[in-house]
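Numbering (the working numbering) for the sequence shown: 14 to 345. For each residue, glycine too, the CB sits at the ideal point set by N, CA and C. Computed from a predicted structure; not experimentally measured.
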Amino acid sequence: MTTALVSKQFIATFGDAFKAAGRTGNKSVEFMTLPEEKGARLSQADCDRVDCVFIDRDLRFSEQLYTACIDAALASKSIKWLHSASSGVWQQKFMHPLADRGVTITSSTGSNAEPVAQTGFAGLLMLARGFWGFAQGQHKHEWRPMRGKGLPPDLRGQTLLLIGVGAIGKVFAGYARAFGLKVIGVRRSMQAGDPVDEMHPPSKLPELWPRADWVVIACPLTKETRNLVNADAFKRMKKGAYVINIGRGEVMDEAAFIDAIRSGHLGGAALDAHIQEPLPADSPLWDLPNVIVSPHNASASTGNEQRCAEMFIANFGHMARGEPMFNVQIRE
14 MTTALVSKQF IATFGDAFKA AGRTGNKSVE FMTLPEEKGA RLSQADCDRV DCVFIDRDLR
74 FSEQLYTACI DAALASKSIK WLHSASSGVW QQKFMHPLAD RGVTITSSTG SNAEPVAQTG
134 FAGLLMLARG FWGFAQGQHK HEWRPMRGKG LPPDLRGQTL LLIGVGAIGK VFAGYARAFG
194 LKVIGVRRSM QAGDPVDEMH PPSKLPELWP RADWVVIACP LTKETRNLVN ADAFKRMKKG
254 AYVINIGRGE VMDEAAFIDA IRSGHLGGAA LDAHIQEPLP ADSPLWDLPN VIVSPHNASA
314 STGNEQRCAE MFIANFGHMA RGEPMFNVQI RE
């Protein structure tokens, strides 16, 4: 018998599919849910029955349920596996002691790749086609056609430097190449089928910054990527280059970025990830020229719940049959 700690919504929508996955490995299933009363917690006896946990968005965005879930996972003496709807699991500090105890941590990496890439590419198109200026004109009831020296260059033939060619980066690269951009990928190693024109390791970045018309941050936050896009990087970028951040705020040196925009060296940016979130009302990012700010919401899509649940169910089938699971997260 496998006891799964999940949300009530998961049971109602996906419970039968989860049980069916268990039957492929002769595993029967029982579900456990969390108390909804403020401050309530599972008993120790119930915690010790839990074998696996799925933190979906219904749990993640309820303070009571999320806190009760964390407490139950940490208290359980029987938990073997936790699956998160989030991609960046190690930013959630409670994951570390679970991993130290040998609990397998899996994520839903890739489930939101298309909406995140679409949001980032929408920002690119808005900047490329002058929509920041149009929006400012609309707000002030001003007619602002682009003329003469204000005409934007064609996207076709421009170069995009893609930092991180994972699930999101690959989708973004496909969109970029469809619009005629040359895509230079940055990742530790090349993989078969990577949709880029060139691939280079991070050590080559000093040589790559000057080539980019667009710099897209789509990598996870690690010790190696923290402040990767820093003052030296901005200095090396060509004048008028643009930055798209659909990764993590800490990958970019925010103060250096602000200086680069204010000096006129950078052409603009679309930023979905920020060092401090929610972004404070007095942050200078709100009012920088040609900078689009969104509230770390690039993944927003009604299809995410289904995709995350399908990953959890598929991984349960693998576990039930004694097969390796996918999206297993390893701390660096």
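Buried/exposed call for Pro-233, threshold 16 Cβ in 10 Å: Using a 10 angstroms sphere on the CB of Pro-233, the tally of other CB atoms reaches 16 or more, which defines it as buried.
Identity of the residues DSSP links to Trp-94 by a beta bridge: Here Trp-94 is bridged, per DSSP, to Cys-65, Thr-117.
Assigned secondary structure, Trp-227 (DSSP; H/G/I helix, E/B strand, else coil): Strand, per DSSP.
Proximity of Val-66 and Leu-111 at Cβ, strictly below 7 Å: Not a contact, by the Cβ cut-off of 7 Å.
CB of Arg-62 within 7 Å of CB of Ala-81, strictly: Not a contact, by the Cβ cut-off of 7 Å.
Bridge partners - Leu-173, DSSP secondary structure assignment: Val-196, Trp-227, per the DSSP bridge assignment.
Cβ pair count under 8 Å reaching 3, the stretch 315 to 330 against the stretch 133 to 140: Fewer than three pairs of CB atoms, one per stretch, sit closer than 8 Å, so the stretch 315 to 330 makes no contact with the stretch 133 to 140.
Coil, strand or helix - Gly-280 by DSSP: Three-state result, Gly-280: strand.
Contacting residues, own chain, Cβ-Cβ under 7 Å from Gly-150 (five flanking each side not counted): The answer, listed in chain order, is Trp-156, Arg-157.
The stretch 198 to 216 touching the stretch 267 to 282, judged by at least three CB pairs closer than 8 Å: No: the two stretches stay apart, fewer than three of their Cβ pairs being nearer than 8 Å.
For Ser-124 and Ser-314, the rounded distance between their alpha carbons: Their Cα atoms are separated by approximately 10 Å.
Cβ-Cβ distance between Asp-266 and Asn-303 below 7 Å: For the pair Asp-266 and Asn-303, the CB atoms are not nearer than the 7 Å cut-off.
Segments assigned beta strand (DSSP E), at least 3 residues, entirely inside the stretch 138 to 189: Runs found: 172 to 176.
Buried versus exposed call for Pro-291 [16 or more other C-beta atoms within 10 Å across all chains shown]: Pro-291 counts as exposed, since fewer than 16 other C-beta atoms from the protein chains shown sit within 10 angstroms of its C-beta.
Beta-carbon gap between Gln-342 and Ser-121 smaller than 7 Å: No, Cβ-Cβ distance for Gln-342 and Ser-121 is not below 7 Å.
Identity of the residue in Ile-305, Lys-90, Thr-117 nearest Pro-337 by Cα: Ranked by how close their Cα comes to the Cα of Pro-337, the residues Ile-305, Lys-90, Thr-117 have Thr-117 in first place.
Minimum C-alpha distance to Met-203 - residue among Trp-222, Gly-253, Pro-215: Nearest of Trp-222, Gly-253, Pro-215 to Met-203, Cα basis: Pro-215.
Delimiting residues of the beta strand (DSSP E) encompassing Leu-18: For Leu-18, the enclosing beta strand (DSSP E) starts and ends at 15 to 18.
C-alpha distance - Ala-86 paired with Lys-106, whole-angstrom precision: So the alpha carbons of these two residues sit roughly 13 Å apart.
Ser-91 versus His-309: straight-line alpha-carbon distance, rounded: Each residue's Cα considered, the two are about 35 Å apart.
Which residues DSSP lists as bridging His-331, in chain order: In DSSP, His-331 forms no bridge with anything.
Cross-strand partners of His-213 (DSSP beta bridge): DSSP lists Val-199 as partners of His-213.
Those residues which DSSP pairs with Met-265 across a bridge: Paired residue(s): Val-242.
Close beta carbons around Arg-201, own chain, < 8 Å, minus the five adjacent residues each side: Same-chain partners within the cutoff: Pro-214, Pro-215.
The stretch 217 to 232 touching the stretch 172 to 182, judged by at least three CB pairs closer than 8 Å: At 8 Å Cβ cutoff, the stretches touch.
Pairwise C-alpha distance: Ser-56 and Leu-72: Looking at the backbone, the Cα of Leu-72 and that of Ser-56 are separated by about 18 Å.
8 Å Cβ shell around Gly-38 - same chain, five flanking residues per side excluded: Excluding sequence positions up to five before and after Gly-38, its CB lies within less than 8 Å of the CB of Gly-330, Met-332, Ala-333, Arg-334, Gly-335, all in the same chain and listed in chain order.
Ala-254 - partner residues in DSSP beta bridges: According to DSSP, which records beta bridges pairwise, Ala-254 is partnered with Leu-279.
Candidates Ile-68, Val-102, Ser-99, Met-45: closest to Ala-58 by CA position: Nearest option by C-alpha distance: Met-45.
CA-to-CA distance, Met-139 to Ala-148, given in whole angstroms: Ala-148 and Met-139: Cα-Cα distance of roughly 10 Å.
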